[in-house]
Structure formats: structure tokens, C-alpha cells
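**Student:** Got a structure for you, written out below as C-alpha cells; questions coming shortly.
Chains as they are written, first to last, in the numbering used here: chain A, 1 to 72; chain B, 101 to 172; chain C, 201 to 272; chain D, 301 to 372; chain E, 401 to 472; chain F, 501 to 572.
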């Protein structure tokens, strides 16, 4: 009975990317823990950039400064 | 001090249904655990169908296939 | 696809009371929204009294002062 | 590694107030627990008044009756 | 800035399996959304079987009846 | 009606520090948003080091390597 909540900043995640996240997490539960996918629920929640704080700053402010969450 | 979070797919839940959920959950806490309703908070969060995954698929895709969450 | 999280102070909730909460919430989703119980998951999380704050005080301190969450 | 979720009724919280919440919570983690702000994430979630229940009533109904959450 | 919460029934998940879940979810965020792993936090929460309800029953009761969450 | 959840790694947070967190967050809601403290609930959840992942690693592993969350 896994339930997985994914919280992300709202920055243009596509429907197809969401599908890949859902499929990927469900497969991970199945492959690692042998969980029946019919008992795995995944919820994605996008958060506006004004509503996510990191290092004491709104992400909207960080993005204005050119600071991204991209992998280096 | 109960706090209850209800996550649901966004599929036309009415204001009146939400009121019934809130009343029902609060009464359940009061009847089962003798909790003062003034200390019971209930939060309902509707989730877009692209953002809820079940059995590895987006619910939006399941609905397109005619698969519902209705009671049989 | 409802998922419901119930957070409660840890104050002697019995296994039988938990079963009543789970049954009650699942029935409420079924009666109010016609949701299939096989798609309804309920998670109960008990919180230690030092870890729940109300009105700026730990509930453990409130309980020492004789302040309860009981219905009047 | 603190993660903090703030859930609030959606009642005109400004961008500047959100920034104060984010800064305030991050500083609290740093001052009280010596946590590196680069490991502190804060997420604010505003909840519509129909979706928050208190004492068995929707907050939207309480507000119509003139009942606020303001400090006395 | 992803934050992922994984809720699971407490049924003997090993430390090594938890590490695989954490690695797998973090890689998924990196591969799908190009997210820097230093901004990805994953929290696993195991839930006692009395505290997880499915189809209106405690999972502890379902397990006594021989009903598992295993993949068929 | 604010509800605040604080998730922290379980690393010796004292009862007194928890009280400071609860008081600090409640005051912040009152000072910034004029919220009545009797409507503010704060829940602290400590997470075992094996259950928190950062940058793809369990925090327990990071701590063994001498990597802390301390402010520099």
C-alpha cells in the first residue's frame, strides 16, 4: 500500500513528464518492494514559485537572480 | 487535536458535498474519540486528473478509457 | 481515488477505535461521492504530545494544566 | 534537513507576507536547531475557503457569518 | 526543488531497500526533469498495519485473512 | 486557520527546542498574518536518518561520512 506525494515547483512540467514520473515511481515500488501497482497511488502537486522557499528566499526571487534547480 | 486531509481527484465535487465531507469527518472524530469539534480541522485538496497516478497511469488516461472510481 | 490522512494526538486511541475511523471515513467517501472503497486509502498518524502545538504551547503542557480536547 | 509545510486559508496573503513567512521559518530553524538554510525548504499552500472545515463548518460559511481567524 | 514523501505499510522494508527507493526517486527527478539531486529530498514514512485502512478495513486485518499487497 | 507541519531528521531535538519551534511558528503566524493562536496548530515529525534521503543518499550514510546539516 504505497502512497507517494511528489511536490515540485510549477515550472512547465508537461503532461508527458508527469506520466513518466508516475510510471517511474510505480515501477520502483514494484521492482524494489514487489508492490502490486493497483495498490500504488502517486500524487503530483505543483507549487507556485512564490510559495516555495529555499535558503530563506522565495524561489521566484531566486529565479529572477538566475539561480535554477537544474542539474550541473 | 485532529487534523484531517482529504485528497480527491477533481471531478465535479460540489460545495454541498464538501460540506457533507467536513461535517461527516468532524462528527466521526466527535462520536468515536469524543473530540471537541473546535479542535478539529479538515482540509480538502482536489487533484487534477493528470496529477493523480494509479497503477502506473494518469487518472486522466484511465478516464479516457472509461475506467471510473465509481462504486460497483 | 481518495486518500485521507488523519493526524491525532497519541492519547490511547484503541485498535477498535482506529477501525471505526477507517470504516467511517471510507463509508463517507462511498455515501457522499460514490467512491469505490477499493480506491480509498486511509492513513492514521498518532503524534506525541510534545510534538503537537496548539495556541503556541505543546499539548503535553496543556494536558499537565488539565486542558483536554474533550467535547464539552 | 527540515521541510516545512504551511497550510493557510486563501484570504489575500500577499507575496511580501509569504516572503516573511519563509524567512521567519528558515531563521527559526537556523536559530533554534543550527540548521543550514540551504537544507531548509518551506512550502506554502493556500486552501480555498470551501475546502477548509473548522468545527464541522466550511470556513466560507463561517466568514459569511462574520467569524474570522483574526487575533482578538 | 522536489520534495517526495513515500508512505508505506511497515512490513520489513530493509535499509538497503530504502536506499534503493531514495536513489531511484532522486534519479527519476534528475532524468525526467533535470533536477539537481542536491535540491531533491525524499522522506520515507512507514505506517503500522493497524493505521492503514484499505477498502474500509485495517491492513492488519487484511493480512490476517491472507490478503497481501504483493504483485500478482 | 493555519496548520504547519515541520519535518526534521531525528537527531536529538530536545523538548525545549520543540517548544521554541512551536512558539516561534505560532508567533510568526500571529505577527505576519494576524492569526489567532487558538486557530494555529503545529505538528513536528522527526524522521529517522535511514528514512530521509538527500542528493540520492540516506542521511544516515551522509552522517557516517561526516556531512552534517549544521549552519556553516
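From the three backbone atoms N, C-alpha and C, an ideal C-beta is built for every residue, glycine too.
None of these values were measured; they are calculated from a predicted model.
1. Would a C-beta distance cut-off of 7 angstroms place residue 58/A and residue 7/A closer than the cut-off?
2. Return yes when the Cβ of residue 326/D is within less than 7 angstroms of the Cβ of residue 314/D, no when it is not.
3. So is residue 472/E buried or exposed if we call it buried at 16+ other beta carbons inside 10 Å?
4. In the structure shown, what three-state DSSP assignment does residue 440/E receive?
5. Locate the alpha helix (DSSP H) running through residue 68/A, then write down its first and last residues.
6. Please compile the residues from chain C whose C-beta is within a distance smaller than 8 angstroms of the C-beta of residue 159/B.
7. May I ask you to list the residues that DSSP assigns as paired with residue 162/B?
8. Going by DSSP in three states, residue 112/B sits in which element: helix, strand or coil?
9. Quick one: does residue 232/C have its CB under 7 angstroms from some CB of chain E?
10. Determine, using beta carbons only, whether residue 515/F comes closer than 7 angstroms to chain C.
11. Between 3/A, 20/A, 51/A, which lies nearest to residue 35/A when the distance is taken from Cα to Cα?
12. Indicate whether residue 567/F and residue 509/F have their beta-carbon atoms separated by less than 7 angstroms.
13. For residue 51/A, count neighbouring C-beta atoms within 10 Å of its own C-beta (all shown protein chains included) and say buried if the count is 16 or more, exposed if not.
14. Pull up the DSSP beta-bridge partners for residue 573/F, would you.
15. Run through chain E and tell me which residues come within less than 8 angstroms of residue 251/C, C-beta to C-beta.
16. How many angstroms separate the CA atom of residue 543/F from the CA atom of residue 269/C?
17. Could you name the residues of chain E that residue 64/A contacts, counting a contact when the two beta carbons are closer than 9 angstroms?
18. Tell me the DSSP bridge mates of residue 4/A?
19. Please name the residue or residues paired with residue 253/C in a DSSP beta bridge.
20. Does the beta carbon of residue 255/C sit closer than 7 angstroms to a beta carbon anywhere in chain F?
21. Who pairs with residue 447/E in a beta bridge, going by DSSP?
22. Got a sec: is the Cβ-Cβ distance from residue 205/C to anything in chain B below 7 angstroms?
23. Assign residue 165/B to one of two classes, buried (16 or more other C-beta atoms within 10 Å of its C-beta) or exposed (fewer than that).
24. Near residue 222/C, which residues of its chain fall below 7 angstroms by C-beta distance, leaving aside the five closest residues on each side in sequence?
25. With a cut-off of 7 angstroms, does the C-beta of residue 470/E fall near any C-beta of chain A?
26. In terms of alpha-carbon separation, which member of 255/C, 256/C, 261/C, 238/C lies closest to residue 249/C?
27. If we count the other Cβ atoms within 10 Å of its Cβ and call it buried at 16 or more, is residue 424/E buried or exposed?
28. For chain E, find out if any of its Cβ atoms is closer than 7 angstroms to the Cβ of residue 547/F; answer yes or no.
29. Give me the chain C residues within the contact set of residue 120/B, using Cβ-Cβ distance strictly less than 7 angstroms, ordered along the chain.
30. Using a Cβ-Cβ distance cut-off of 7 angstroms, determine whether residue 526/F contacts chain C.
31. By a C-beta neighbour count over all protein chains shown, 10 Å radius and 16 as the cutoff for buried, is residue 553/F buried or exposed?
32. Using a Cβ-Cβ cutoff of less than 6 angstroms, which residues in the same chain neighbour residue 218/C once the five nearest sequence positions on both sides are dropped?
33. Roughly how many angstroms lie between the CA atoms of residue 237/C and residue 537/F, to the nearest whole one?
34. Looking only at its chain, what residues have a beta carbon closer than 8 angstroms to the beta carbon of residue 533/F, apart from the 5 residues adjacent to it on each side?
**Tutor:** Checking against the coordinates, here is how it stands:
1. Result no, Cβ atoms of residue 58/A and residue 7/A do not sit closer than 7 angstroms.
2. Against a cut-off of 7 angstroms, the Cβ pair of residue 326/D and residue 314/D comes out as no contact.
3. Exposed, since its Cβ has fewer than 16 Cβ neighbours within 10 Å.
4. Coil at residue 440/E, not helix or strand.
5. Here residue 68/A belongs to no alpha helix (DSSP H), and DSSP marks it neither H nor E.
6. Residues of chain C passing the Cβ test: 201.
7. In the DSSP output, where bridge partners are listed per residue, residue 162/B has none listed.
8. Correct three-state label for residue 112/B: coil.
9. No, no contact with chain E.
10. Interface with chain C (7 angstroms Cβ-Cβ cutoff): residue 515/F is included.
11. Nearest option by C-alpha distance: 3/A.
12. Here residue 567/F is not near residue 509/F, since their CB atoms are 7 angstroms or more apart.
13. Classification of residue 51/A: buried, given that the 10 Å Cβ count is 16 or more.
14. The shown model of chain F, from 501 to 572, leaves out residue 573/F, and the question about it has no answer.
15. Within chain E, no residue has its beta carbon less than 8 angstroms from that of residue 251/C; the closest one is some 14 angstroms off.
16. Answer to the nearest angstrom: the Cα atoms are 16 angstroms apart.
17. Those within 9 angstroms of residue 64/A in chain E number zero; the least Cβ separation is about 15 angstroms.
18. DSSP output for residue 4/A lists 42/A, 406/E as bridge partner(s).
19. DSSP, once it has assigned bridges, lists 258/C, 542/F as partnering residue 253/C.
20. Residue 255/C counts as touching chain F.
21. Its beta-bridge partners are 409/E.
22. By this cut-off, residue 205/C is an interface position.
23. Counting the other Cβ atoms within 10 Å of the Cβ of residue 165/B gives fewer than 16, which makes it exposed.
24. Cβ neighbours of residue 222/C within its own chain (closer than 7 angstroms, five residues either side excluded): 242.
25. Residue contact check for residue 470/E against chain A: a CB pair falls below 7 angstroms.
26. Nearest Cα to residue 249/C within the set 255/C, 256/C, 261/C, 238/C: 261/C.
27. Result: buried.
28. For residue 547/F, the answer is yes, since a Cβ of chain E falls inside 7 angstroms of its Cβ.
29. Correct list: 232.
30. Closer than 7 angstroms to some Cβ of chain C, the Cβ of residue 526/F qualifies, so yes.
31. With 16 or more other Cβ atoms within 10 Å, it is buried.
32. Residues 244 of the same chain have their beta carbon placed closer than 6 angstroms to that of residue 218/C, with the five preceding and five following residues left out of the count.
33. Here the alpha carbon of residue 237/C sits roughly 37 angstroms from the alpha carbon of residue 537/F.
34. 502.
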